[in-house]
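Undergrad:
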Amino acid sequence: MRHIELPPVMDGQAVARLAPLLRAAMDAGEAVTLHGSGVVQIGQAGLQMLLAAARSVEARLEAPSESLAGMAALAGLQSLPPFVPAQGVAA
Numbered sequence: 001m002r003h004i005e006l007p008p009v010m011d012g013q014a015v016a017r018l019a020p021l022l023r024a025a026m027d028a029g030e031a032v033t034l035h036g037s038g039v040v041q042i043g044q045a046g047l048q049m050l051l052a053a054a055r056s057v058e059a060r061l062e063a064p065s066e067s068l069a070g071m072a073a074l075a076g077l078q079s080l081p082p083f084v085p086a087q088g089v090a091a
């Protein structure tokens, strides 16, 4: 399983930096854990990347920040990778 730490600002530039990592995981057929606890701002490009990950590889979103979860809910996204708590943190 590949682990990817999402940056604090998930904008177009961040997505451009993360895309090769996700592409490599897809090409290798690897599952991906996206760590989202540090995300303070996420835009459309970031949300689209999370949707693409959910549709392309076995992906899960670990410990999404309130900002990330709130923006996903505001956008009406139901098919983001499943949210899971951080290891050692009760759900």
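Anchor point for the sequence shown: position 58 equals 58 in UniProt numbering, and the numbering is continuous, going up by one each time. By construction, the Cβ of each residue, glycine as well, lies at the ideal position given by its N, Cα and C atoms.
Hey, how far is the Cα of ARG23 from the Cα of HIS3?
TA: One C-alpha to the other measures close to 13 Å.
Undergrad: Quick one: is LEU18 buried, meaning 16 or more other Cβ sit within 10 Å of its Cβ, or exposed?
TA: It is buried - the Cβ of LEU18 has at least 16 other Cβ atoms within 10 Å.
Undergrad: Do ALA69 and GLY46 have their C-beta atoms within less than 8 Å of each other?
TA: No.
Undergrad: So what does GLN41 bridge to, in DSSP terms?
TA: In the DSSP output, where bridge partners are listed per residue, GLN41 has VAL9.
Undergrad: State yes or no: is the C-beta of GLY34 within less than 8 Å of the C-beta of LEU6?
TA: Note on residue identity: the sequence assigns Leu, not Gly, to residue 34. Result yes, Cβ atoms of LEU34 and LEU6 sit closer than 8 Å.
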